[in-house]
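Heads up: the sequence lines are chains R and E, in that order.
With numbering that gives the first Met the number 0, you'll find the first sequence wraps up at 538, consecutive numbering, no jumps.
With numbering that gives the first Met the number 0, you'll find the second sequence wraps up at 668, consecutive numbering, no jumps.
Here's the structure, in structure tokens; my notes come after.
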Amino acid sequence: MHRERTRNEYEKENEWQPAAARRCPVNIPLLSLLIFTPWVGALLLFVLRRRLSASLGRILPILFSLSTLILGGIVLARFNPVITGMQFTEKHAWITALNVHYHIGLDGLSLVLVLLTGIISPLALFGPTRQVRCPAIHGALFLLLQGSALGVFLALDFFPWFVFWELSLVPAFFLIKLWGGPGAARAAYQFVIYTIGGSAFMLLGFAAIFAETRTFDFLELKLISMGGQAPILFGGAATTWVFLGVLLGLAVKVPLFPFHAWLPPAYAEAPTGTSMFLTSVMSKMGAYGFLRILWPLFPLQFHAAAPILLWLALGGVVLSAFAAMKQTDLKRMVAYSSINHLSYCLLAMCAVATAGPVNPAFPAVMIGTSESGIAALSGTILQLFNHGLSAAALFFCVGVLESRTGGLRGLGDFGGVRTAAPVFAGLCGIALFSSLGLPGLNGFIGEFLIFRGVFGLAPWVAAVATLGLLATALFLLTFWQRVFHGPATGAGVNFRDLDATEIATLGPLIVLMFVLGIFPQLLAGLINPLVTTWAATLP
Amino acid sequence: MSLPVQHLWLIPALPLAAAAVGALTPRSGRTLAAGAAIATMAGAFLLACLALGGALDFPAAHQVLNFAWFDLGATSLRLGLLLDPLTAFMCVMVTFVSLLIFIFSTGYMKADANAKQFFCFLSLFAAAMLGLIIANSLLLLFVCWELVGLASYLLIGFWFHKPAAAAAAKKAFITTRIGDLGFLLGLLWLQDAQGTLLFYDGGHGILESAALANLTHLLPCGLAASTAIGLLIFCGAIGKSGQFPLHVWLPDAMEGPTPVSALIHAATMVAAGVFLIARVYPLMAADQLLANVPVHALTVVAFIGAITALMGALIAVAQNDIKRILAFSTVSQLGYMMLAIGVGSWVAAIFHLLTHAFFKALLFLGAGSVIHAAHHEQDIRRLGGLRPKMKVTFATFAIGMMALSGVPFLFSGFWSKEAILHAAHGWEVSSLPFYAAVLGVVLTAFYMTRLVAEVFYGAPRSDEASHAHENSPAMTVPLVILAACSILFSLLAWPSPWLQHQLDPSAHSESGDMSLVLPSIVLVALGLGAGWAYYGRRPRTKAESPDPLDRYAPGLMAALANRLGFDELYAATVGRLSSGFATLAAFLEVFVWDGAVRFLAGLGELSGLVSRENDEAGFNAGFDAGSKTLRDTGVAYSKAQTGDAHGYLRTLALGFVLLLILVILGGAR
């Protein structure tokens with residue numbers, strides 16, 4: 000009987016599929032291909048690692064990595080943004096005893112993150128890994144990481160979701176530890192233990208949920224939580240504990256201030272390509288969890304906790320920006336800037352949650368929040384994507400500085416690089432200005448919408464958060480000034496300008512910064528109906 | 000023939016295209032970049048003239064073109080373009096002045112290896128400013144506003160290898176961004192309250208009366224909502240237009256090449272703030288009819304303007320760098336414009352903005368001509384005697400100086416300054432701004448006379464000055480054209496105030512009132528006479544000789560020369576505060592947030608240690624002790640296991656006997 004219901008649901012969810020897709024004789028499991036192509040590549044590379052030449056060992060991972068972009072493009076072409084439910088769903092029973100299903104699907108939010116993964120991963124393999132040791136093993140681990148991240152963005156059942164979530168740590172650990180800088184071992188341990196420590200509570204939370212509901216399926220759980228059986232699941236204090244467990248797991252990952260201490264050393268010690276992936280893609284897993292899991296499943300608890308979380312997010316916005324001003328290691332500076340940027344997303348989500356639980360069962364408490372809510376949530380998703388582009392570009396630029404000088408990346412190690420390397424200075428400058436939210440580039444749209452939404456919901460918080468904007472401008476311009484301007488000194492003397500490979504790595508990111516800055520509709524069109532539905536359930 | 004609003008976007012798009020050409024050509028493509036910049040700017044100027052023609056056909060109308068930018072919820076975020084006389088006049092001015100500055104730059108930047116990038120940035124600067132002018136949306140205006148800031152950053156820091164230039168560029172960007180944060184908050188507030196940021200939208204725009212009526216409610220602090228929003232937006236204008244207290248970046252911006260200074264001080268950047276406040280004037284004035292509020296937005300604007308006007312003029316008196324004197328003169332003149340808006344006459348402000356743009360561009364390009372001829376000597380004490388050597392530069396510079404000083408009738412500056420004084424005189428709230436403005440007039444005439452006397456009269460006081468000679472026509476022709484404009488623009492105001500009537504047809508004509516003309520002539524004459532008496536009659540002979548004014552008030556002059564210590568004050572307060580806060584944040588990172596993690600890790604290690612010790616000392620030790628006893632016993636027993644059969648038998652027999660005895664004894668009982 001249960002199997003029957005699932006089948007019906009499956010049929011129903013597939014009704015929207017465009018005619019072309021239904022005419023297809025074999026329904027290609029696009030999303031499974033998305034997730035597992037990188038893994039197949041990883042397996043292949045592991046098996047063939049001794050037989051591959053160095054150049055093949057470098058090229059094969061890039062090709063497998065590109066599969067995400069190609070398949071993501073196909074999904075994008077067939078994606079119907081008007082439908083706000085899950086699309087391209089696949090559901091198969093996996094562990095019947097535990098009612099675990101292999102259930103994957105995609106909506107606008109997932110699509111945006113899949114596209115981001117597709118753009119960043121090949122670039123992170125292409126640009127910085129020319130001199131990497133054991134390219135085949137490195138590539139295999141990277142592909143493993145990439146597939147796991149995609150799994151997190153697509154899985155709709157907690158069990159596979161959690162498997163992907165935890166599996167992503169393993170390759171990340173080895174990438175940092177084996178290919179990273181001098182402090183890599185400690186950073187890698189701290190990263191993994193801190194994250195696992197958070198996830199353990201989340202796992203406990205879900206065990207409790209399963210005990211109560213006999214399901215791991217996000218969509219079913221969401222229905223239960225929205226079904227008016229409030230307060231859902233357990234009632235009382237138990238739910239709060241479960242909520243806190245899940246929250247902790249996600250908060251460490253985003254990271255929510257002050258659970259961010261693992262991030263700067265991990266990003267700073269990781270090799271350039273891994274830093275790019277960690278900051279662009281992996282840091283989005285936590286924010287994605289907030290939107291996909293925490294909020295739909297615990298609307299009341301999130302609403303109740305939001306005022307406190309709002310202040311924590313504000314602390315992250317302001318304090319991490321000011322902490323970045325004092326960093327002399329450029330990679331740590333960019334890492335702190337990442338915390339600042341993701342804190343804007345948390346700020347927006349918490350501000351919306353403060354206004355009311357996402358639950359139609361509750362009557363309106365405030366009028367006019369919906370417009371602010373839409374702006375804040377749209378801004379959040381756009382910011383996730385845009386931060387991915389600009390932070391990856393900045394980490395790559397620091398990587399270029401390192402690769403030219405045998406690992407130098409101090410603020411004071413360079414000077415006047417622009418004299419000898421005008422192209423590098425120009426492209427890095429564009430990335431910096433994108434990161435500080437200059438209008439006309441991509442970063443502005445997300446930040447503007449977030450501020451617009453937060454101002455409507457919590458004006459004083461928005462006013463204080465502008466300090467973060469100011470501090471960001473200060474330290475990013477200091478970065479540019481100290482490294483690129485002034486007379487050529489230190490490692491800046493006769494700095495070699497970017498070569499073709501490096502331009503080809505930065506180029507797509509820079510082009511996208513302009514395109515999305517001028518035509519934000521390209522992204523906003525994908526998510527707007529979805530966000531509007533979310534906000535419609537707001538009071 | 001006129002340019003309809005649908006095609007208005009072409010005006011900024013043309014220079015933007017030139018910027019793209021400049022960005023993508025290699026370094027050797029300087030001729031192409033300069034040609035593209037000049038050609039597109041000439042095209043934009045023609046289009047702007049056509050737009051002006053169209054706008055003047057319906058001076059009271061706001062022609063708009065609104066369009067969706069991206070979807071947001073059930074609606075979309077809309078931007079728009081606007082064509083009215085204010086836009087059109089500004090467009091004509093910006094394109095024309097920019098065109099002349101571009102032409103001048105071809106001569107000035109001839110020797111610079113990076114000239115193609117210079118023209119790229121110049122075009123970007125002009126494009127951003129033009130976009131700002133034609134925006135019908137506060138958001139689009141803000142976008143262009145920030146791009147103006149970016150372009151000024153790039154241009155001020157154009158000679159980036161000079162640390163001072165790189166620092167000045169950063170200072171300009173950060174200082175204006177401080178103001179921009181206020182602007183952003185005002186913009187967010189407005190969007191939240193009104194649901195749109197379009198200026199004019201068929202009755203729903205934020206500058207139209209229906210929307211303005213929404214903002215007359217009082218906030219808990221006693222201000223009207225429109226006052227608070229207006230003042231937040233004014234913060235942006237304070238930063239951009241170099242008003243007190245955020246004027247500190249403007250003099251440092253001199254580190255850029257001189258054509259950039261001319262562009263910043265005349266056509267773009269600083270004009271943007273005044274334009275913004277003139278554009279949102281209905282919003283700024285929305286609280287005027289409320290009686291029970293502590294302060295009106297425009298009152299604040301007027302006082303800030305008056306303070307800036309007087310302070311800029313005072314500081315200019317004590318400066319010795321030719322560009323710095325002009326820079327503080329700009330600060331002062333911008334103060335006049337803000338003062339005019341504050342006292343209710345945005346039309347006078349825009350009139351002065353337009354005339355000032357021409358004569359200030361003239362003065363800066365003239366200064367550039369002097370600097371270029373004198374091999375980058377900028378200290379007026381080391382110049383001197385340039386009049387016979389640079390006749391064209393001298394003649395045009397003198398015209399600019401007279402226009403700025405407000406020499407009567409013939410020069411445009413006189414008329415626009417007269418309009419401002421007149422408006423300030425009629426202000427009911429306070430007469431202090433008027434007196435500040437009057438004092439500023441005297442000072443302006445004084446410091447400009449000093450500047451001309453020091454630079455052009457007397458004898459050359461350095462090798463650079465004695466070897467100076469007139470520049471090429473690429474540099475002198477723009478000077479002549481600008482000088483002609485500085486005179487011709489008098490016609491805009493006299494015999495009838497045509498321009499003011501075009502800008503605001505509803506305003507009543509004030510042409511008949513000439514009561515202030517005579518006192519104003521006296522004031523200008525006073526300033527000119529005093530300046531000539533101190534600096535012209537007995538020109539300085541040596542570069543090192545002291546300034547005549549130093550004898551009278553050395554302390555005051557030193558303070559003014561030091562720009563009243565604002566930079567030091569900000570470094571000691573804002574600078575130290577933010578640096579201290581950053582130190583605190585970094586401290587928290589290392590010792591609290593990361594410290595907590597390390598503490599937890601330490602706790603984990605400690606508990607590991609404790610449980611190991613526990614194991615070792617408790618369980619293990621007990622186990623060890625137990626096994627030792629066992630082992631000892633075993634050892635003891637094993638000693639008995641000798642393997643000697645006789646011994647065993649002996650023991651066995653002995654035991655047997657003992658057992659027997661026990662049994663017998665037991666049985667006996």
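The C-beta atom is built at its ideal place from N, Cα and C for all residues, glycine as well.
Because the structure is a prediction, the values reported are computed rather than measured.
Next item on the list: Would you list the one or two residues that DSSP bridges to Leu80 (chain E)?
Entry: Looking up residue 80 (chain E) in the second sequence gives position 81. In the DSSP output, where bridge partners are listed per residue, Leu80 (chain E) has E:Leu64, E:Ala134.
Check: Using 8 angstroms as the Cβ pair cut-off and three pairs as the minimum, do the region 405-418 of chain R and the region 23-38 of chain E touch?
Finding: no
Next item on the list: Please check if any C-beta of chain R sits within less than 8 angstroms of the C-beta of Ile303 (chain E).
Entry: Within the second sequence, residue 303 (chain E) is the residue found at index 304, counting from 1. Not an interface residue.
Margin query: Extract the residue ranges of the alpha helix (DSSP H) inside the region 480-562 of chain E, only unbroken runs of 4 or more that lie entirely within it.
Written below: 497-502, 516-530, 553-560
Note to self: Cβ closer than 7 angstroms: which chain R residues qualify as neighbours of Leu149 (chain E)?
What the structure shows: On the second sequence, position 150 is the one that residue 149 (chain E) refers to. Within chain R, the residues near Leu149 (chain E) are Phe432, Leu437.
Item checked: Segments assigned alpha helix (DSSP H), at least 4 residues, entirely inside the region 76-129 of chain E -> 84-107
Notebook entry, point to check: If you draw a straight line from the alpha carbon of Ala422 (chain E) to that of Met336 (chain E), how long is it in whole angstroms?
Noted result: Against the second sequence, residue 422 (chain E) aligns to sequence position 423. Against the second sequence, residue 336 (chain E) aligns to sequence position 337. Cα to Cα, the separation comes out at about 11 angstroms.
Checklist line | Cutoff 8 angstroms: Thr116 (chain R) Cβ touching any chain E Cβ | finding: One-based indexing of the first sequence puts residue 116 (chain R) at position 117. No, Thr116 (chain R) lies away from the interface with chain E (no Cβ there is under 8 angstroms from its Cβ).
Next item on the list: Answer yes if the region 436-449 of chain E comes into contact with the region 304-320 of chain E, meaning at least three C-beta pairs across the two stretches below 8 angstroms, and no otherwise.
Entry: yes
Notebook entry, point to check: Given a threshold of 16 other Cβ atoms within 10 Å of its Cβ, counted over all protein chains shown, does Lys330 (chain R) qualify as buried or as exposed?
Noted result: As a working mapping, residue 330 (chain R) is identified with position 331 in the first sequence. That one is buried.
Notebook entry, point to check: Is Asn135 (chain E) buried or exposed, if buried means 16 or more other CB atoms sit within 10 Å of its CB?
Noted result: Taking the second sequence and counting its residues from 1, one reaches residue 135 (chain E) at position 136. Classification for Asn135 (chain E): buried.
Checklist line | Closest by C-alpha distance to Thr212 (chain R), when choosing among R:Leu431, R:Glu89, R:Leu97 | finding: On the first sequence, position 213 is the one that residue 212 (chain R) refers to. If we check each option's Cα against that of Thr212 (chain R), R:Leu97 comes out closest.
Notebook entry, point to check: Considering only the beta carbon of each residue, do Phe190 (chain R) and Ala265 (chain R) sit closer than 8 angstroms?
Noted result: Residue mapping note: residue 190 (chain R) aligns to position 191 of the first sequence, counting from 1. Residue mapping note: residue 265 (chain R) aligns to position 266 of the first sequence, counting from 1. It is a contact, given that the beta carbons lie within the stated cut-off.
Next item on the list: Starting from the N-terminal side, write out each stretch of the alpha helix (DSSP H) that is 4 residues or longer and does not extend beyond the region 211-290 of chain R.
Entry: 217-225, 236-252, 262-268, 271-276, 282-288
Check: Would you report the Cα separation of Leu297 (chain E) and Ile276 (chain E), rounded to the nearest angstrom?
Finding: Here residue 297 (chain E) corresponds to residue number 298 of the second sequence, with the count starting at 1. Here residue 276 (chain E) corresponds to residue number 277 of the second sequence, with the count starting at 1. Distance between the alpha carbons of Leu297 (chain E) and Ile276 (chain E): 10 angstroms.
Next item on the list: Measuring alpha carbon to alpha carbon, tell me which of R:Thr471, R:Gly428, R:Leu55 ends up nearest Leu393 (chain R).
Entry: As a position in the first sequence, residue 393 (chain R) is number 394, starting the count at 1. Ranking R:Thr471, R:Gly428, R:Leu55 by Cα distance to Leu393 (chain R) puts R:Gly428 first.
Notebook entry, point to check: If we cut at 8 angstroms on Cβ distances, does Ala92 (chain R) have a partner in chain E?
Noted result: By one-based count along the first sequence, residue 92 (chain R) stands at place 93. Output row for Ala92 (chain R): interface = no.
Note to self: Can you check which of these residues, E:Val428, E:Ala284, E:Leu99, is closest to Leu211 (chain E) by C-alpha distance?
What the structure shows: Start at 1 with the first residue of the second sequence, and residue 211 (chain E) comes out as number 212. Leu211 (chain E) has its Cα closest to that of E:Ala284, out of E:Val428, E:Ala284, E:Leu99.
Notebook entry, point to check: Where do the N-terminal and C-terminal ends of the beta strand (DSSP E) with His102 (chain R) fall, by residue?
Noted result: Residue 102 (chain R) sits at position 103 when you count from the first residue of the first sequence. Unbroken beta strand (DSSP E) run through His102 (chain R): 99-105.
Check: Of all Cβ atoms in chain E, is any one closer than 8 angstroms to the Cβ of Gly524 (chain R)?
Finding: For the purposes of this step, residue 524 (chain R) is taken as residue 525 along the first sequence, with counting starting at 1. Chain E, which has a Cβ nearer than 8 angstroms to the Cβ of Gly524 (chain R), makes this yes.
Check: Do Val93 (chain E) and Phe357 (chain E) have their C-beta atoms within less than 8 angstroms of each other?
Finding: Stepping through the second sequence from its first residue, residue 93 (chain E) is reached at position 94. Stepping through the second sequence from its first residue, residue 357 (chain E) is reached at position 358. Contact flag unset, no.
Notebook entry, point to check: Thinking just about the alpha-carbon of each residue, which of R:Phe513, R:Trp459, R:Phe474 is nearest to the one in Ile444 (chain R)?
Noted result: Start at 1 with the first residue of the first sequence, and residue 444 (chain R) comes out as number 445. Here the closest residue by C-alpha is R:Phe513.
Item checked: Neighbour flag for Gly72 (chain E) against chain R, beta carbons, 8 angstroms -> Counted from its first residue, the second sequence places residue 72 (chain E) at position 73. Closer than 8 angstroms: yes.
Item checked: Beta bridge counterpart(s) of Asp191 (chain E) as assigned by DSSP -> Taking the first residue of the second sequence as 1, we reach residue 191 (chain E) at position 192. Asp191 (chain E) is not bridged to any residue.
Note to self: Taking CB distances under 8 angstroms as the criterion, tell me whether Gln480 (chain R) reaches chain E.
What the structure shows: Here residue 480 (chain R) refers to the residue found at position 481 when the first sequence is read from its first residue. Output row for Gln480 (chain R): interface = yes.
Item checked: Rounded separation between Asn13 (chain R) and Leu68 (chain R) - CA only -> In the first sequence, the residue the question calls residue 13 (chain R) occupies position 14. In the first sequence, the residue the question calls residue 68 (chain R) occupies position 69. At Asn13 (chain R), the pLDDT of 46 sits below 50, so the modelled position is not reliable; the number obtained from the coordinates is stated separately. So the two alpha carbons sit approximately 23 angstroms from each other.
Next item on the list: Check whether the Cβ of Lys176 (chain R) lies closer than 8 angstroms to any Cβ atom in chain E.
Entry: To locate residue 176 (chain R), count along the first sequence from 1; it is residue 177. No, no contact with chain E.
Check: Any beta-carbon of chain E closer than 8 angstroms to the one on Gly415 (chain R)?
Finding: Your numbering for residue 415 (chain R) matches position 416 in the first sequence. So, interface residue.
Notebook entry, point to check: Do the region 286-300 of chain R and the region 335-353 of chain R meet, that is, are 3 or more Cβ pairs less than 8 angstroms apart?
Noted result: yes
Checklist line | Cα-Cα separation, Ser577 (chain E) to Lys239 (chain E) | finding: Indexing the second sequence from 1 puts residue 577 (chain E) at position 578. Indexing the second sequence from 1 puts residue 239 (chain E) at position 240. Those two C-alpha atoms are separated by around 21 angstroms.
Item checked: Residue of E:Thr395, E:Ala167, E:Leu385 minimising C-alpha distance to Lys359 (chain E) -> The count along the second sequence starts at 1 and reaches residue 359 (chain E) at position 360. Taking only the C-alpha atoms, the option nearest Lys359 (chain E) is E:Thr395.
Item checked: Backbone CA spacing between His82 (chain E) and Leu440 (chain R) [nearest angstrom] -> For the purposes of this step, residue 82 (chain E) is identified with residue 83 of the second sequence, where counting begins at 1. For the purposes of this step, residue 440 (chain R) is identified with residue 441 of the first sequence, where counting begins at 1. Per the sequence presented here, residue 82 (chain E) reads as Leu, with His not at that position. Going from the Cα of Leu82 (chain E) to the Cα of Leu440 (chain R) covers about 26 angstroms.
Next item on the list: Give the DSSP-derived three-state secondary structure of Gly409 (chain R) in the structure shown.
Entry: As a first step, residue 409 (chain R) is located in the first sequence; it is residue number 410 there, counting from the start. Gly409 (chain R): strand per DSSP, three-state reduction.
Next item on the list: Label Tyr720 (chain E) either buried or exposed according to how many other C-beta atoms from any shown protein chain fall within 10 Å of its C-beta, with 16 as the threshold for buried.
Entry: Since the displayed chain E opens at 0 and closes at 668, residue 720 (chain E) lies outside it and no answer follows.
Notebook entry, point to check: By Cβ distance below 6 angstroms, which residues in the same chain neighbour Leu525 (chain E) in space, the five residues on each side in sequence not counted?
Noted result: Stepping through the second sequence from its first residue, residue 525 (chain E) is reached at position 526. Correct list, in chain order: Val441.
Next item on the list: Keeping to the same chain, check which residues put their C-beta closer than 6 angstroms to that of Val63 (chain E); ignore five residues upstream and five downstream.
Entry: Taking the second sequence and counting its residues from 1, one reaches residue 63 (chain E) at position 64. If we look at Val63 (chain E) and ignore the five residues flanking it on each side, its Cβ neighbours are Gly79, Leu81, Asn135, Tyr199.
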